[in-house]
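The structure appears below as structure tokens.
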Amino acid sequence: MKASTARFSFVAERVCLDFANTVDWHATDHPGERVQSVTDLLHWSEEAGVLDQACRQMLTRHADAHPDQGEAVLRRSRELREVIYRIFDAVTRDVTPDPADLQRLNAARLEALQHQTLQPDGTGYEWGWTCAPDDLGRVWWPIAVDAATLLTSDLLAKVGQCADDRGCGWLFLDTSKAGRRRWCSMQDCGNRAKAQRYRANTSR
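According to the numbering used here, the sequence shown is numbered sequentially starting from -13.
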């Protein structure tokens, strides 16, 4: 699990779900946006391991020089994020995702795969991504592929959602041995629920 920072949290154990969690209180009528700008998006991408520092800096320069393109990729990334959230939210409730959302994710995956490339990795090779100065879509390509990969894998059954009753809504991949993870984080919603139970018990 990646460490959380002051700006972003990485508690989902999967990059596509961490990206879906860049909205606070996602399951309420008053969600809170963490990715306020293309600069935020690029920093999140570096912190999540989607971009390395050199690529992030290069794309930041391009976004600063071409603000319209920066706003376009921010909008596209947020749209993809909501598609991913709706799909996996449905999965956690044993509901079939909206076919239109599945089509949107597949279209994003196909577009992203055009930019995937084989790269040397020690004695073998691995899939990597191009990062040209104007490739602002680089921030969401790996996320789209990761979401589609998770959706079609045996790990899908391990996708869960925070049990906070106020509407946290964050998603996670349950990698615990017992397979009983309930909270986005024990340090956040888990502790809050524990404190509520304690207060309820002591007031009796």
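Idealized CB from N, CA, C, for every residue including glycine.
TODO: Indicate the three-state DSSP secondary structure (helix, strand or coil) for P53 in the structure shown.
DONE: helix
Open item on the list: On the CB-based measure, 16 or more other CB atoms within 10 Å of its CB, does G108 come out buried or exposed?
Closed with: exposed
Task: R61 versus R178 - alpha carbon distance - done: 33 Å
- [ ] Would you check if the region -7 to 9 and the region 151 to 165 touch, i.e. whether three or more CB-CB distances between them fall below 8 Å?
- [x] yes
Task: Completely contained alpha helix (DSSP H) runs for the region 24 to 94, where each covers 4 or more residues - done: 24 to 34, 39 to 51 and 53 to 78
Task: Exposed unless 16 or more other CB atoms sit within 10 angstroms - verdict on Y71 - done: buried
- [ ] Identify, in the order they occur along the chain, each residue of the same chain with its Cβ nearer than 8 Å to the Cβ of T25, setting aside the five sequence neighbours on each side.
- [x] T46 and A49
- [ ] Determine the extent of the alpha helix (DSSP H) in which D132 is found, giving its start and end residues.
- [x] W127 to L137
Open item on the list: In this structure, how does DSSP classify D4 when only helix, strand and coil are distinguished?
Closed with: helix
TODO: Look at F74 and V145 and say whether their C-beta atoms are less than 7 Å apart.
DONE: yes
Open item on the list: Among the candidates R152, R(-7) and G165, whose CA atom is the shortest distance from the CA of A13?
Closed with: R152
Task: Residues that P106 bridges to, as DSSP identifies them - done: Y111
Open item on the list: Please return the same chain residues whose Cβ sits closer than 7 Å to the Cβ of Q105, not counting the five positions on each side in sequence.
Closed with: Y111, E112 and G114
Task: A94 and A130 closer than 7 Å at C-beta - done: yes
- [ ] State the DSSP-derived secondary structure class of G(-1), mapped to helix, strand or coil.
- [x] Note on identity: in this sequence residue -1 is Glu, with Gly being the wrong assignment. DSSP places E(-1) in coil when its eight states are reduced to three.
TODO: Whole angstroms is fine: what's the gap from E97's alpha carbon to W127's?
DONE: 8 Å
TODO: Please report the Cβ distance between V59 and A34, rounded to the nearest whole angstrom; I am assuming they are in contact, meaning their Cβ atoms lie under 8 Å.
DONE: V59 to A34, Cβ: 16 Å. No contact.
Task: Reference D160, options M172, A143 and R90, closest by Cα - done: A143
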